[in-house]
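Asker: Take this structure, written in structure tokens, and hold onto it; I'll ask about it next.
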Amino acid sequence: MNTPLFALVVVLAATGGCSSDSHVYRDQPLVAKVETGMSKDQVEQIGGRPSAISERTVVPGTCFDYKLKQAGQQKPYNISFDDRGKVDHKSFMTCAEWSNAQERAREPSHSTGGGGY
């Protein structure tokens, strides 16, 4: 499997639960209103202060951790910003989990190309 395809598979697998979570939490302001390209200030106006702010470890930028609450349950949610401070990703995982998914996606394939020993 080539590296870009493998990276896509890893990221999709890591975010696989998002569709059901999106349905449950779709009315939460962070899920419903935050869009790619928004600034940190715009996100904080919608969702308030995050529970944690961290620097991204794989690609330069920042990540906000939130905890969404719905019907007595709590779910992690992150909003990730590029090095210009604009939203480039959001998902139902912590910033640390998102960083780990990005790291795994960047790891070289362990494939030997079909001719290895």
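For what it's worth, the working numbering labels the leading residue of the sequence shown as 7, then goes sequentially. Every residue, glycine too, gets a C-beta built ideally from N, C-alpha and C.
#1: With 16 as the cutoff for other CB atoms within 10 Å, does residue 96 come out buried or exposed?
#2: Express the C-alpha separation of residue 78 and residue 111 in angstroms, rounding to a whole number.
#3: For a quick check, are the C-beta atoms of residue 52 and residue 36 less than 9 angstroms apart?
#4: Residue 103: which of 70, 41 and 76 sits nearest, CA to CA?
#5: By the three-class DSSP mapping on this structure, what secondary structure does residue 48 have?
#6: Evaluate residue 114 with the Cβ neighbour count: other Cβ atoms within 10 Å of its Cβ, from every protein chain shown; 16 or more gives buried, anything less gives exposed.
Answerer: Taking the coordinates as given:
#1: So residue 96 counts as buried.
#2: Roughly 34 angstroms between the two C-alpha positions.
#3: If you check the CB distance, residue 52 and residue 36 come in under 9 angstroms.
#4: Among 70, 41 and 76, the Cα nearest to that of residue 103 belongs to 70.
#5: Three-state result, residue 48: helix.
#6: Classification for residue 114: exposed.
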